[in-house]
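Here it is, written out as structure tokens:
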């Protein structure tokens with residue numbers, strides 16, 4: 001199995017996606033929040049690039065919920081932000097949610113050429129890796145990064161995937177990027193929460209009073225759901 | 239002191255360079271080769287982006303030497319490749335060398351906005367860090383990468399700079415990228431040569447029979463020269 005990793009959507013766009021399992025990670029917070037939403041009964045997410053696009057789509061489909069943020073701040077008239085605590089069962093049960101976030105959406109769009117696209121976070125590492133092994137495809141881990149620059153938390157999460165895949169006993173061929181991510185994960189696997197608190201985006205979120213969200217994003221293996229992104233929608237296919 | 243790192247020229251282009259000391263690294267092999275050439279008496283390098291540009295410049299200035307490669311292979315009619323072993327005293331003493339390489343040149347061009355731009359490699363780590371401390375500016379480490387993608391060897395070399403700066407006792411504020419580079423360096427500082435042999439580009443060079451070059455690139459602290467890049471030329475300013 002060949003395992004590669006892109007630190008940013010720009011890097012992802014330069015890579016060959018065809019025939020691969022692609023995993024999109026925005027650990028703080030979008031892909032964590034999606035996982036929590038599915039745990040709480042959400043039907044689907046429709047990720048879109050702009051706030052305008054999101055508003056138009058919900059105007060045409062009044063049953064949809066409008067969710068998202070820009071630099072972790074809420075958007076006017078939106079039903080939900082990007083906090084996992086927003087997506088409670090009473091709000092999201094059975095709902096389709098149109099979502100736009102700073103970085104996660106761009107990574108999803110760049111990932112569309114993959115044979116399969118999965119949503120990954122620290123919450124669903126184990127379940128996700130089972131799906132990857134089952135798929136028997138080469139793996140490309142797509143970090144959302146921050147404004148097309150490296151961010152530590154997505155890379156460490158990607159490194160956790162590399163390490164788990166290796167532990168399944170499959171022979172792995174790793175690129176420099178996948179190897180580096182694995183090393184970065186090894187260095188903090190005993191305390192993912194501390195890493196999330198000390199990385200740039202984590203510090204920013206704490207400063208906005210969102211430390212509770214950071215704690216949720218550190219709940220390794222708390223979920224068994226593996227959302228897939230297919231034909232413009234994110235949903236559970238089993 | 240604020241320390242940041244760009245994994246690729248594309249990332250560098252997105253960062254603020256003004257007022258900073260920028261260090262350009264292409265550890266395998268361009269910045270190593272330049273350091274060796276200055277040790278052997280070269281006068282200056284003029285880095286250019288294309289093979290055509292290099293040929294034209296040397297046609298106009300017959301005293302100049304023509305050097306470079308594409309994917310580590312020699313170019314027709316060039317006096318020198320990009321192997322440090324090519325730049326012997328009898329060839330480069332007193333010479334100005336027009337150079338074009340796959341990745342290093344792009345990083346140099348992207349670095350031009352820095353207050354000062356230094357040439358870094360494993361060979362001149364100690365001397366380079368002395369210059370950085372003396373300059374008292376924020377530091378931005380610019381890895382050349384491979385075709386605008388992450389490469390391990392430049393990042394590890396950048397991580398070595400971060401670590402050395404920290405050891406000077408200066409209080410450092412590190413970005414996620416600088417912190418990650420430091421961790422990656424710590425993991426292989428006892429054997430830089432082994433890391434250079436196991437990274438993607440090192441494996442490629444070994445496959446071309448260039449293992450001797452890789453060994454030279456691993457000679458930590460073997461040189462005291464710190465080339466600077468200023469007004470289109472690389473030279474020693476002291």
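Residue numbers (the working numbering), protein chains in the order written: chain A, 1 to 238; chain B, 239 to 476. Glycine is no exception: its CB is placed at the ideal position from the N, C-alpha and C atoms.
Item checked: Reduced DSSP secondary structure (H/G/I, E/B, other) of residue 381 of chain B -> On the second chain, position 143 is the one that residue 381 of chain B refers to. When DSSP states are grouped into helix, strand and coil, residue 381 of chain B belongs to the strand group.
Next item on the list: Mind listing, in chain order, the continuous alpha helix (DSSP H) runs of no fewer than 4 residues lying wholly within the stretch 143-183 of chain A?
Entry: Positions of the alpha helix (DSSP H) runs, each at least 4 residues long and wholly inside the stretch 143-183 of chain A, are given as 152-167 in order along the chain.
Check: Cα separation between residue 258 of chain B and residue 151 of chain A?
Finding: What you label residue 258 of chain B is simply residue 20 of the second chain in a count that begins at 1. What you label residue 151 of chain A is simply residue 151 of the first chain in a count that begins at 1. Taking the straight line from one Cα to the other gives about 21 Å.
Margin query: On the CB-based measure, 16 or more other CB atoms within 10 Å of its CB, does residue 62 of chain A come out buried or exposed?
Written below: The sequence position of residue 62 of chain A within the first chain is 62, counting from 1. It is exposed - the Cβ of residue 62 of chain A has fewer than 16 other Cβ atoms within 10 Å.
Next item on the list: Determine the burial state of residue 328 of chain B: buried for a count of at least 16 other Cβ atoms within 10 Å of its Cβ, exposed for fewer.
Entry: As a first step, residue 328 of chain B is located in the second chain; it is residue number 90 there, counting from the start. With fewer than 16 other Cβ atoms within 10 Å, it is exposed.
Notebook entry, point to check: Closer than 8 Å, CB to CB, is residue 275 of chain B near chain A or not?
Noted result: Walking along the second chain from the start, residue 275 of chain B turns up at place 37. Taking Cβ atoms only, chain A never reaches closer than 8 Å to residue 275 of chain B, which makes this a no.
Checklist line | CB contact check: residue 11 of chain A to chain B, cutoff 8 Å | finding: Translated into positions along the first chain, residue 11 of chain A becomes position 11. Cβ-Cβ to chain B under 8 Å: yes for residue 11 of chain A.
Check: How would you call residue 486 of chain B, buried or exposed, if buried means at least 16 neighbouring beta carbons within 10 angstroms?
Finding: Because chain B here runs from 239 to 476, residue 486 of chain B falls outside it and cannot be looked at.
Next item on the list: Inspect the beta-carbon positions of residue 29 of chain A and residue 82 of chain A and report whether they are closer than 8 Å.
Entry: As a first step, residue 29 of chain A is located in the first chain; it is residue number 29 there, counting from the start. As a first step, residue 82 of chain A is located in the first chain; it is residue number 82 there, counting from the start. Note that the C-beta distance between residue 29 of chain A and residue 82 of chain A is below 8 Å.
Checklist line | Near-chain B residues of the stretch 188-210 of chain A - C-beta to any C-beta below 7 Å | finding: If the cut-off is 7 Å between Cβ atoms, the stretch 188-210 of chain A has 199, 200 near chain B.
Item checked: Nearest-angstrom Cα separation, counted from residue 233 of chain A out to residue 98 of chain A -> The sequence position of residue 98 of chain A within the first chain is 98, counting from 1. The sequence position of residue 233 of chain A within the first chain is 233, counting from 1. Approximately 9 Å, taken between the alpha carbons.
Check: Are the C-beta atoms of residue 240 of chain B and some chain A residue less than 8 Å apart?
Finding: Position 2 of the second chain, counted from the start, is the residue given in the question as residue 240 of chain B. For residue 240 of chain B, the answer is no, since every Cβ of chain A falls outside 8 Å of its Cβ.
Item checked: Every unbroken alpha helix (DSSP H) within the stretch 348-377 of chain B, with a cutoff of 4 residues, ordered by chain -> Within the stretch 348-377 of chain B, the complete alpha helix (DSSP H) segments at least 4 residues long are 363-373, listed from N- to C-terminus.
Notebook entry, point to check: For residue 273 of chain B, which of B:292, B:363, B:353 has the nearest alpha-carbon?
Noted result: Taking the first residue of the second chain as position 1, residue 273 of chain B is located at position 35. Measuring from the Cα of residue 273 of chain B, the nearest candidate turns out to be B:363.
Check: Any C-beta of chain B sitting closer than 8 Å to the C-beta of residue 138 of chain A?
Finding: By 1-based counting over the first chain, the position of residue 138 of chain A is 138. It does not; no Cβ of chain B falls within 8 Å.
Next item on the list: Leaving out five residues on either side along the sequence, give the residues of the same chain with a beta carbon under 7 Å from the beta carbon of residue 78 of chain A.
Entry: Within the first chain, numbered from 1, the residue matching residue 78 of chain A stands at position 78. Result list for residue 78 of chain A: 66, 67, 68, in chain order.
Check: In this structure, what does DSSP give as the bridge partners for residue 463 of chain B?
Finding: Here the question's residue 463 of chain B lines up with position 225 in the second chain. None, per the DSSP bridge assignment.
Note to self: Can you list, in chain order, the residues of its chain with a C-beta nearer than 8 Å to that of residue 145 of chain A? Leave out the 5 residues immediately preceding and following it.
What the structure shows: As a working mapping, residue 145 of chain A is identified with position 145 in the first chain. Excluding residues within five positions, the ones whose Cβ falls inside 8 Å are 7, 8, 9, 103, 107, 151, 154.
Notebook entry, point to check: Just checking my contact of residue 159 of chain A with residue 185 of chain A at CB under 8 Å: how many whole Å lie between their CB atoms?
Noted result: For this step, residue 159 of chain A is matched to residue 159 along the first chain. For this step, residue 185 of chain A is matched to residue 185 along the first chain. At roughly 3 Å, the Cβ-Cβ gap stays under 8 Å, so residue 159 of chain A and residue 185 of chain A are in contact.
Next item on the list: Can you grab the Cα-Cα spacing for the pair residue 53 of chain A / residue 14 of chain A, in whole Å?
Entry: The residue labelled residue 53 of chain A in the question sits at position 53 within the first chain. The residue labelled residue 14 of chain A in the question sits at position 14 within the first chain. Near 26 Å, if we compare the C-alpha coordinates of residue 14 of chain A and residue 53 of chain A.
Next item on the list: Go to residue 443 of chain B, then tell me how far its beta strand (DSSP E) extends in each direction, as first and last residue.
Entry: Position 205 of the second chain, counted from the first residue, corresponds to residue 443 of chain B. Residue 443 of chain B -> not in any beta strand (DSSP E); alpha helix (DSSP H) instead, spanning 438-445.
Next item on the list: Could you tell me whether the Cβ atoms of residue 5 of chain A and residue 199 of chain A are closer together than 8 Å?
Entry: Here residue 5 of chain A corresponds to residue number 5 of the first chain, with the count starting at 1. Here residue 199 of chain A corresponds to residue number 199 of the first chain, with the count starting at 1. Contact: no.
Check: Does the distance from the CB of residue 120 of chain A to the CB of residue 23 of chain A come in under 8 Å?
Finding: Start at 1 with the first residue of the first chain, and residue 120 of chain A comes out as number 120. Start at 1 with the first residue of the first chain, and residue 23 of chain A comes out as number 23. In this structure, residue 23 of chain A lies closer than 8 Å to residue 120 of chain A by Cβ.
Check: So the alpha helix (DSSP H) residue 91 of chain A belongs to, where does it begin and stop?
Finding: For this step, residue 91 of chain A is matched to residue 91 along the first chain. Start and end: 89-92.
Checklist line | Delimiting residues of the alpha helix (DSSP H) encompassing residue 35 of chain A | finding: Locating residue 35 of chain A in the first chain gives position 35, where the first residue counts as 1. Where residue 35 of chain A is concerned, the enclosing alpha helix (DSSP H) stretches over 30-39.
Next item on the list: Anything in chain A within Cβ reach of residue 400 of chain B, meaning under 9 Å, just list it in chain order.
Entry: Residue 400 of chain B sits at position 162 when you count from the first residue of the second chain. What residue 400 of chain B touches in chain A: nothing, since even the nearest Cβ is about 14 Å away.
Next item on the list: Find the nearest neighbour of residue 219 of chain A within the set A:230, A:190, A:229, A:182, judged by alpha-carbon distance.
Entry: To locate residue 219 of chain A, count along the first chain from 1; it is residue 219. Checked all of A:230, A:190, A:229, A:182; the closest Cα to residue 219 of chain A is A:190.
Next item on the list: Spell out whether any CB of chain B is found under 8 Å from the CB atom of residue 108 of chain A.
Entry: Taking the first chain and counting its residues from 1, the one referred to as residue 108 of chain A is at position 108. Cβ-Cβ to chain B under 8 Å: no for residue 108 of chain A.
Margin query: Is the separation between the beta-carbon of residue 256 of chain B and that of residue 360 of chain B shorter than 8 Å?
Written below: Position 18 of the second chain, counted from the start, is the residue given in the question as residue 256 of chain B. Position 122 of the second chain, counted from the start, is the residue given in the question as residue 360 of chain B. In this structure, the beta-carbon distance from residue 256 of chain B to residue 360 of chain B does not fall below 8 Å.
Next item on the list: Could you list the residues in the stretch 124-152 of chain A with a C-beta less than 9 Å from some C-beta on chain B, going in chain order?
Entry: Cβ contacts with chain B: 146, 147, 148, 149, 150, 151, 152.
Check: When you compare only the Cα positions, how much space is there between residue 226 of chain A and residue 237 of chain A?
Finding: One-based indexing of the first chain puts residue 226 of chain A at position 226. One-based indexing of the first chain puts residue 237 of chain A at position 237. Annotation: residue 226 of chain A to residue 237 of chain A spans about 9 Å, alpha carbon to alpha carbon.
Note to self: Taking a contact to mean a Cβ-Cβ separation below 8 Å, would you say residue 330 of chain B touches residue 468 of chain B in this structure?
What the structure shows: The residue labelled residue 330 of chain B in the question sits at position 92 within the second chain. The residue labelled residue 468 of chain B in the question sits at position 230 within the second chain. No, Cβ-Cβ distance for residue 330 of chain B and residue 468 of chain B is not below 8 Å.
Notebook entry, point to check: Can you tell which of A:140, A:12, A:33, A:175 has the C-alpha that lies nearest to the C-alpha of residue 85 of chain A?
Noted result: Taking the first residue of the first chain as position 1, residue 85 of chain A is located at position 85. For residue 85 of chain A, the nearest C-alpha among the options comes from A:33.
Next item on the list: Excluding the 5 residues preceding and the 5 following residue 402 of chain B in the sequence, name in chain order all residues of the same chain whose CB lies nearer than 8 Å to its CB.
Entry: In the second chain, residue 402 of chain B corresponds to position 164, counting from 1. Excluding sequence positions up to five before and after residue 402 of chain B, its CB lies within less than 8 Å of the CB of 363, 364, 367, all in the same chain and listed in chain order.
Item checked: Partner residues on chain B for residue 180 of chain A, Cβ-Cβ distance less than 8 Å -> Locating residue 180 of chain A in the first chain gives position 180, counting from the first residue. In chain order, 388, 390, 393, 418, 422 make up the part of chain B whose C-beta sits under 8 Å from the C-beta of residue 180 of chain A.
Checklist line | Rounded Cβ spacing between residue 96 of chain A and residue 46 of chain A (contact assumed at less than 8 Å) | finding: Taking the first chain and counting its residues from 1, the one referred to as residue 96 of chain A is at position 96. Taking the first chain and counting its residues from 1, the one referred to as residue 46 of chain A is at position 46. About 7 Å; that satisfies the 8 Å criterion.
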